[in-house]
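Residue numbers (my numbering), protein chains in the order written: chain A, 1 to 338; chain B, 1 to 338. All C-beta atoms in this analysis are idealised placements derived from N, C-alpha and C, irrespective of residue type, glycine included. For reference, the structure discussed in these notes is given below.
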């Protein structure tokens with residue numbers, strides 16, 4: 001534990017992600033050069049050796065673990081993790097379970113990574129339901145939304161626990177000094193919501209968290225709260241709604257310009273502004289989303305992750321290990337009256 | 001009934017909406033001039049007389065009903081409707097209930113209009129839960145999403161009924177030839193969803209509807225289905241997520257341009273393209289959203305409605321009356337095995 005605290009052992013799923021294994025290896029090399037730390041690389045050993053060499057690395061200096069099979073985006077997550085013994089994500093989770101690694105990072109199938117986290121890494125002490133968290137970019141600061149898909153159903157206590165887990169992550173990994181918690185709902189008034197959100201709000205108000213009440217979707221961009229909780233079905237839909245609107249808006253604007261060629265010079269002039277917005281809302285900056293409540297650090301990156309995103313995900317994993325997020329989540333939950 | 005079929009009696013809530021009563025009276029006058037039909041105007045009679053005169057109308061030719069009080073955006077909808085006897089929206093609903101009008105149109109407090117619809121107009125025969133529907137603008141055709149807020153909770157049968165009600169509205173009022181129905185969920189695969197959506201999907205598949213399965217938020221913009229059902233909490237959150245993302249994107253772009261003044265000429269060049277996107281996604285085009293399943297036509301316009309939006313809402317109400325949407329919804333629901 002003392003050695004681990006100095007240099008966290010992180011298992012990287014080299015085979016997961018649209019740009020894998022090139023982007024994952026490149027990200028691992030970049031992280032090693034900037035921090036002096038090497039991740040445990042899990043994937044097809046021959047392929048990894050080749051990419052390390054072409055990246056100017058001595059592959060003998062790296063720990064390589066065999067896990068050559070990738071779980072595809074269209075496979076059933078739980079079944080695939082259960083039946084594919086040599087899947088890279090499963091091997092990563094086994095390394096965390098055995099204690100050889102304290103964290104895993106994957107840009108692959110999100111469902112498979114969640115399944116590996118829950119089934120193989122296992123739940124942390126005191127946790128009933130792990131939750132997947134995502135950072136929503138905001139005008140001032142990003143907001144952590146949890147759960148965005150680990151569970152299709154949740155009880156009020158789960159939402160309260162998501163708040164506690166998110167609070168620990170924000171404080172320890174992102175350095176938010178006094179995180180405020182809210183519950184995602186359809187109106188700011190305390191009377192608005194579903195039976196689930198109304199009951200969760202009562203539990204949150206009675207918890208040690210700084211609970212600020214209901215947060216509407218617009219509040220996620222306004223830094224109205226630092227951590228906002230919801231059930232995984234709702235969170236996943238809201239997240240997909242954000243993505244869908246952004247895609248629709250960009251597509252409509254492209255089509256409008258195409259139909260009006262005389263507006264094209266405007267795009268050129270505005271390009272630096274468009275790029276700035278894109279950079280501010282770029283998932284790659286935030287280093288992946290944590291699956292909180294499992295017995296190890298699990299960071300899930302976007303499938304489209306490039307090397308920079310992989311490097312940021314490794315950084316987030318290292319910070320989570322160093323700040324003992326897993327133990328702190330369990331300690332926090334142990335304080336709650338149940 | 002025969003007279004009504006020739007000229008539907010529509011009660012217009014003159015006092016509701018941010019730009020009321022000016023925009024509502026202007027919309028009523030515009031509608032009268034283009035169709036030769038006069039809505040029943042409900043509001044402060046003196047104010048309405050004055051606005052009609054300054055609009056060049058003979059106010060004696062119009063039926064004016066007294067209902068001078070406006071229910072504010074911050075009042076509790078159900079309580080306000082119950083306790084405010086002279087509220088314009090309540091008077092409109094009473095006219096529908098008594099049969100003096102077949103439809104009501106309001107740009108006021110959405111919750112109050114829903115409450116007046118459900119409590120005073122009452123549910124249509126065979127309807128357990130009315131549903132609020134909204135048209136989402138799409139790449140090819142708009143998609144009707146229902147329910148977006150009439151009920152915070154729903155059972156699978158309610159979602160199935162929303163599909164049937166939406167199908168009738170699309171076919172009769174918007175002229176969609178063969179509406180396809182879907183259920184809003186977190187993945188296209190039939191196995192993905194919440195217990196509610198999975199059960200609703202089974203009922204929809206067994207219904208007379210052309211059921212195309214799960215629709216993700218992105219599918220709402222893609223014309224993947226014509227009517228998409230969900231519970232009111234989810235629908236309201238998704239709708240608010242669309243609005244929040246669009247607002248955030250526009251705000252970020254503005255800020256990015258402000259920080260880079262040299263990009264400003266681009267905005268000028270691109271203006272026609274921006275305007276085209278805005279026009280395509282303008283709520284005013286779609287003439288308000290119907291509250292389906294009540295015993296009369298209830299059309300709820302956007303609070304920001306201008307005169308054009310009011311005119312379009314009156315048109316939608318007239319088409320709904322003429323095509324006997326209310327009776328057809330009841331007839332459709334009567335065919336379902338329960």
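Next on the checklist: Using a Cβ-Cβ cutoff of 9 Å, what residues of the stretch 264–280 of chain B are near chain A? List them in chain order.
Outcome noted: Taking a C-beta cut-off of 9 Å against chain A, the contacting residues of the stretch 264–280 of chain B are 264, 265, 266, 267, 268, 269, 270, 271, 272, 273, 274, 275, 276, 277 and 280, listed in chain order.
Checklist entry - What does residue 237 of chain B reach in chain A if we use C-beta pairs closer than 9 Å? => result Locating residue 237 of chain B in the second chain gives position 237, where the first residue counts as 1. Per Cβ cutoff of 9 Å: 184, 185, 186, 216, 217, 230, 234, 237, 238 and 241.
Next on the checklist: By the three-class DSSP mapping on this structure, what secondary structure does residue 156 of chain A have?
Outcome noted: Indexing the first chain from 1 puts residue 156 of chain A at position 156. Helix at residue 156 of chain A.
Next on the checklist: Could you give the first and the last residue of the continuous beta strand (DSSP E) run that contains residue 212 of chain A?
Outcome noted: Taking the first residue of the first chain as 1, we reach residue 212 of chain A at position 212. Residues 210–215.
Checklist entry - For residue 222 of chain A, which residues of its own chain have a beta-carbon under 7 Å away from its beta-carbon, when the five flanking residues on both sides are left out? => result Taking the first chain and counting its residues from 1, one reaches residue 222 of chain A at position 222. Excluding residues within five positions, the ones whose Cβ falls inside 7 Å are 138 and 139.
Item to check | Nearest-angstrom Cα separation, counted from residue 181 of chain B out to residue 331 of chain B | outcome: Stepping through the second chain from its first residue, residue 331 of chain B is reached at position 331. Stepping through the second chain from its first residue, residue 181 of chain B is reached at position 181. Their Cα atoms are separated by approximately 18 Å.
Checklist entry - At a Cβ threshold of 8 Å, is residue 245 of chain A touching chain E? => result The chain labelled as chain E is not found among the protein chains of the depicted structure, namely A and B.
Next on the checklist: Using the three-state DSSP reduction, which class does residue 13 of chain B fall into: helix, strand or coil?
Outcome noted: Against the second chain, residue 13 of chain B aligns to sequence position 13. In the structure shown, residue 13 of chain B sits in a strand (DSSP, three-state: E or B).
Checklist entry - How is residue 146 of chain A classed by DSSP in three states: helix, strand or coil? => result On the first chain, position 146 is the one that residue 146 of chain A refers to. In this structure, residue 146 of chain A counts as strand in the three-state DSSP scheme.
Next on the checklist: Counting only C-beta atoms, is residue 291 of chain A closer than 8 Å to chain B at any point?
Outcome noted: In the first chain, residue 291 of chain A corresponds to position 291, counting from 1. Chain B, which has no Cβ nearer than 8 Å to the Cβ of residue 291 of chain A, makes this no.
Checklist entry - Whose Cβ in chain B lies nearer than 8 Å to the Cβ of residue 260 of chain A? => result For this step, residue 260 of chain A is matched to residue 260 along the first chain. Per Cβ cutoff of 8 Å: 272, 273 and 276.
Checklist entry - In this structure, what does DSSP give as the bridge partners for residue 64 of chain A? => result If you number the first chain from 1, residue 64 of chain A lands on position 64. Beta-bridge pairing links residue 64 of chain A to A:41.
Checklist entry - Would you call the stretch 167–182 of chain A and the stretch 240–254 of chain A in contact, with 3 or more CB pairs under 8 Å? => result no
Next on the checklist: I need the boundaries of the alpha helix (DSSP H) containing residue 241 of chain B, first residue and last residue.
Outcome noted: To locate residue 241 of chain B, count along the second chain from 1; it is residue 241. Residues 232–259.
Item to check | Nonlocal neighbours in the same chain, by C-beta distance under 7 Å from residue 121 of chain B, ignoring five residues either side | outcome: Translated into the one-based positions of the second chain, residue 121 of chain B becomes position 121. The residues are 93, 96, 97, 294, 295, 296 and 298.
Item to check | chain B contact for residue 256 of chain A (CB, 8 Å cutoff) | outcome: Taking the first residue of the first chain as 1, we reach residue 256 of chain A at position 256. Interface residue, yes.
Item to check | For residue 199 of chain A, three-class secondary structure by DSSP | outcome: Here the question's residue 199 of chain A lines up with position 199 in the first chain. Three-state result, residue 199 of chain A: helix.
Item to check | Proximity of residue 245 of chain A and residue 234 of chain B at Cβ, strictly below 8 Å | outcome: One-based indexing of the first chain puts residue 245 of chain A at position 245. One-based indexing of the second chain puts residue 234 of chain B at position 234. For residue 245 of chain A and residue 234 of chain B, no; Cβs fall outside 8 Å.
Item to check | Proximity test, Cβ basis, 8 Å: residue 213 of chain A and chain B | outcome: Numbered from 1 along the first chain, position 213 holds the residue referred to as residue 213 of chain A. No, its Cβ sits nowhere closer than 8 Å to a Cβ of chain B.
Checklist entry - If you run the structure through DSSP and keep just helix, strand and coil, what is residue 206 of chain B? => result Within the second chain, the letter at position 206 stands for residue 206 of chain B. Reduced to three states, the DSSP call for residue 206 of chain B is coil.
Checklist entry - Where does residue 13 of chain A land, buried or exposed, given buried means 16+ other C-beta within 10 angstroms? => result As a position in the first chain, residue 13 of chain A is number 13, starting the count at 1. A buried status is given to residue 13 of chain A, since no fewer than 16 other beta-carbon atoms sit within 10 Å of its beta-carbon.
Checklist entry - Quick one, which residues of the stretch 13–25 of chain A are near chain B if we go by CB-CB under 8 Å, in chain order? => result none
Next on the checklist: Quick check on DSSP: helix, strand or coil for residue 173 of chain A?
Outcome noted: Sequence index remark: in the first chain, residue 173 of chain A carries index 173 (1-based). DSSP, read as helix, strand or coil, puts residue 173 of chain A in helix.
Next on the checklist: Assuming the contact rule is C-beta atoms closer than 8 Å, residue 255 of chain B and residue 257 of chain A should be a hit. Round their C-beta distance to whole Å, please.
Outcome noted: Translated into the one-based positions of the second chain, residue 255 of chain B becomes position 255. Translated into the one-based positions of the first chain, residue 257 of chain A becomes position 257. Not quite, the Cβ-Cβ distance comes to about 22 Å (not below 8 Å), so this is no contact.
Item to check | Residues of its chain near residue 62 of chain B, where Cβ-Cβ distance is below 7 Å and the 5 sequence neighbours each way are ignored | outcome: Position 62 of the second chain, counting from 1, holds the residue named residue 62 of chain B. Counting only Cβ-Cβ distances below 7 Å, and skipping sequence neighbours, we find 38, 41 and 52.
Checklist entry - DSSP state of residue 55 of chain A, grouped into three classes? => result Sequence index remark: in the first chain, residue 55 of chain A carries index 55 (1-based). Three-state DSSP puts residue 55 of chain A in coil, outside helix and strand.
Next on the checklist: Comparing C-alpha positions only, which one of A:69, A:76 and A:103 sits nearest to residue 87 of chain A?
Outcome noted: For this step, residue 87 of chain A is matched to residue 87 along the first chain. Per the Cα distances, A:69.
Item to check | Min CB distance residue 253 of chain A to chain B below 8 Å | outcome: By 1-based counting over the first chain, the position of residue 253 of chain A is 253. Yes, because at least one Cβ of chain B sits closer than 8 Å to the Cβ of residue 253 of chain A.
Next on the checklist: I need the DSSP call for residue 225 of chain A, collapsed to helix, strand or coil.
Outcome noted: Position 225 of the first chain holds residue 225 of chain A. Reduced to three states, the DSSP call for residue 225 of chain A is coil.
Checklist entry - In chain A, which residues lie with their C-beta within 8 Å of the C-beta of residue 135 of chain B? => result Position 135 of the second chain, counted from the start, is the residue given in the question as residue 135 of chain B. Residues of chain A passing the Cβ test: none, with the nearest at roughly 14 Å.
Next on the checklist: Can you give me the C-alpha to C-alpha distance between residue 106 of chain B and residue 90 of chain B, rounded to a whole angstrom?
Outcome noted: Translated into the one-based positions of the second chain, residue 106 of chain B becomes position 106. Translated into the one-based positions of the second chain, residue 90 of chain B becomes position 90. Those two C-alpha atoms are separated by around 11 Å.
Next on the checklist: Using only the alpha-carbon positions, how far apart do residue 104 of chain A and residue 60 of chain A sit?
Outcome noted: Position 104 of the first chain, counting from 1, holds the residue named residue 104 of chain A. Position 60 of the first chain, counting from 1, holds the residue named residue 60 of chain A. Those two C-alpha atoms are separated by around 21 Å.
Item to check | Under 7 Å from the C-beta of residue 221 of chain A: neighbouring residues of chain B | outcome: As a position in the first chain, residue 221 of chain A is number 221, starting the count at 1. What residue 221 of chain A touches in chain B: 244 and 248.
Checklist entry - Residues of chain A with CB under 7 Å from residue 152 of chain B, in chain order? => result For the purposes of this step, residue 152 of chain B is identified with residue 152 of the second chain, where counting begins at 1. The contacting residues are 193 and 194.
Item to check | In DSSP terms, what residue 294 of chain B is bridged to | outcome: As a first step, residue 294 of chain B must be located in the second chain, where it is residue number 294. Bridge partners of residue 294 of chain B according to DSSP: B:123.
Next on the checklist: If you reduce the DSSP assignment to three classes, tell me which class residue 182 of chain A lands in.
Outcome noted: As a working note, residue 182 of chain A is residue 182 in the first chain. Correct three-state label for residue 182 of chain A: strand.
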